[in-house]
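Visitor: My structure is below; once you've seen it, I'll send some questions.
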Amino acid sequence: MACCKDNNGQSTCQCASSSSSSPAIQRVALPKRQLSNDKLNNKPPVWSINSTSDQDPPLPSKCDRNSQSREGICCKELKGDDERNLIDPDIVRDVIIGLSDGLTVPFALTAGLSSIGNSRLVVIGGIAELIAGAISMGVGGFLASQAERDHFRYLRRTTRDRVLRSCSGEMEREVHAVLGPVGVSEQTSRSLATELRQVEVDVSAHSSATSGTITKRHGWASLGSWGRKTAMPAQVVEEESQPLRWQEDVGLTAFLLKFGEGMEEVPTARLYISAFTIGAGYLVGGLVPLVPYFFVESARMGLLYSCIVTGITLLAFGAVKTHYTGATGGAGGYIWGAVSTLLVGGFAAGAAFAIVHALEASE
């Protein structure tokens, strides 16, 4: 093949042997595609390479574990948008019970007595009801906590006996029934049941050793994990060396009660705290609607001032209750908590006033 270039600098190739029999085939090279630097620089990227969002990064990315210098913020100090310092739910429950009844029942009573028109009668009746109500509410809180404690102790005794006499399969099924719904595998539940059962046996053996008599309670005092016999230790481990292991709130019984039944031991001090909290809450709440009658002779005017003062107190109490109970936050949540509390108290007072007024008119 003979190759040559024409006057324009283009390459043409033609086979020498076939030059006489076929026309020449001319091949033209295409020009190369070139883009100017301006076009390359002005061309937008496929996705954004610069962060232009005004939103804050998620909280986990702020933790110092994501910083190589470890100079970030500790994850324990990161706070969300709605972080509140909540009070013990038992205390909050007792305060709500006492204040709610104190703001509602005496207010309804004074509103009903106001229809008679005698302010002195309203004050005397209100004080008598307030003292009797505070005492009865406090005693009711004490008895309720005592009943809860007795119920827990009964369940703990019966559950411990059932654990010691039950087979391995039944206990493993109960443990997995608690842990399975939260994503724990059956094998892990089985291992945990075995470990907790061993703690239960050790607690029983320790109790027998400290009492001076080694007895086989339900045949399990000298057994390890469900029927595997183990030698009784010559000397029981001292309580000081393993203080947690010999407490009553460890082992399979405590696990089933706490996580299966949702119950915990009620301390004895809780009985008196509950009684005092409910009684004091009722007394403080009941004084609010009664105070205006001490300064106004007319019962009707006293009722008007009492409604205003009690209404403001109910609104404030509803908003504070919403905050410390962890209810829905925001302006809407606080408004609903305040208005709903006001409606309950207002309905009770209105019903009492209407009933007493109707009975007086019928006479």
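Reminder that position 98 of the sequence shown reads as 98 in UniProt numbering, one-by-one numbering, no gaps.
The beta carbon of each residue, even a glycine, is placed where N, CA and C say it ideally should be.
1) What are the uninterrupted segments assigned as beta strand (DSSP E) that are 3 or more residues long and contained completely in the region 293-363, given in chain order?
2) Go ahead and label L143 buried or exposed: buried means 16 or more other beta carbons lie within 10 angstroms of its beta carbon, across all protein chains shown.
3) Report yes if the CB atom of G133 is closer than 8 Å to the CB atom of V105, and no otherwise.
4) How far does the alpha helix (DSSP H) with P89 in it reach, from first residue to last?
5) Just the Cα atoms here: how many angstroms apart are V92 and E297?
6) Between which two residues does the alpha helix (DSSP H) harbouring L143 extend?
7) Find out if the Cβ-Cβ distance for the pair G279, G117 is shorter than 8 Å.
8) Is the beta carbon of V122 sitting closer than 8 Å to the one on L130?
9) Distance, Cα to Cα, G227 vs R190?
10) Roughly how many angstroms lie between the CA atoms of Y324 and P292, to the nearest whole one?
11) What does a CB cutoff of less than 6 Å around G285 pick up in its chain, not counting 5 residues either side in sequence?
12) Less than 8 Å between the C-beta atoms of R160 and T253, yes or no?
13) Roughly how many angstroms lie between the CA atoms of A331 and A269, to the nearest whole one?
14) Count the other C-beta atoms from every protein chain shown that fall within 10 angstroms of the C-beta of D150, then say buried if there are 16 or more, exposed otherwise.
15) Looking at E360 and S115, is the spacing between their C-beta atoms short of 8 Å?
16) When you compare only the Cα positions, how much space is there between T322 and D90?
17) Count the other CB atoms within 10 Å of the CB of E186; is the residue buried (16 or more) or exposed (fewer)?
18) Taking all protein chains shown into account, do 16 or more other C-beta atoms lie within 10 angstroms of the C-beta of C307, making it buried, or fewer, making it exposed?
19) Going by beta carbon distance, what residues of the same chain come within less than 7 Å of H357, once the five residues before and after it are set aside?
20) Is G345 near L314, with beta carbons less than 8 Å apart?
21) Count the other CB atoms within 10 Å of the CB of F353; is the residue buried (16 or more) or exposed (fewer)?
22) With DSSP run on the structure shown, which of helix, strand or coil describes G262?
23) If I'm right that M263 touches L257 with Cβ under 8 Å, what's the distance once you round it to whole angstroms?
Guide: Taking the geometry as given:
1) none
2) exposed
3) yes
4) P89 to S114
5) 37 Å
6) S119 to R165
7) no
8) Result no, Cβ atoms of V122 and L130 do not sit closer than 8 Å.
9) Confidence at G227 is low in this model, with a pLDDT of 48, below 50, so the placement of that residue is unreliable and no value is reported for it.
10) Y324 and P292 have their C-alpha atoms roughly 29 Å apart.
11) L99, G102 and L103
12) yes
13) 38 Å
14) exposed
15) yes
16) 15 Å
17) exposed
18) It counts as buried.
19) S115
20) Taking 8 Å as the Cβ cut-off, G345 and L314 qualify as a contacting pair.
21) Under this definition F353 is a buried residue.
22) coil
23) 5 Å
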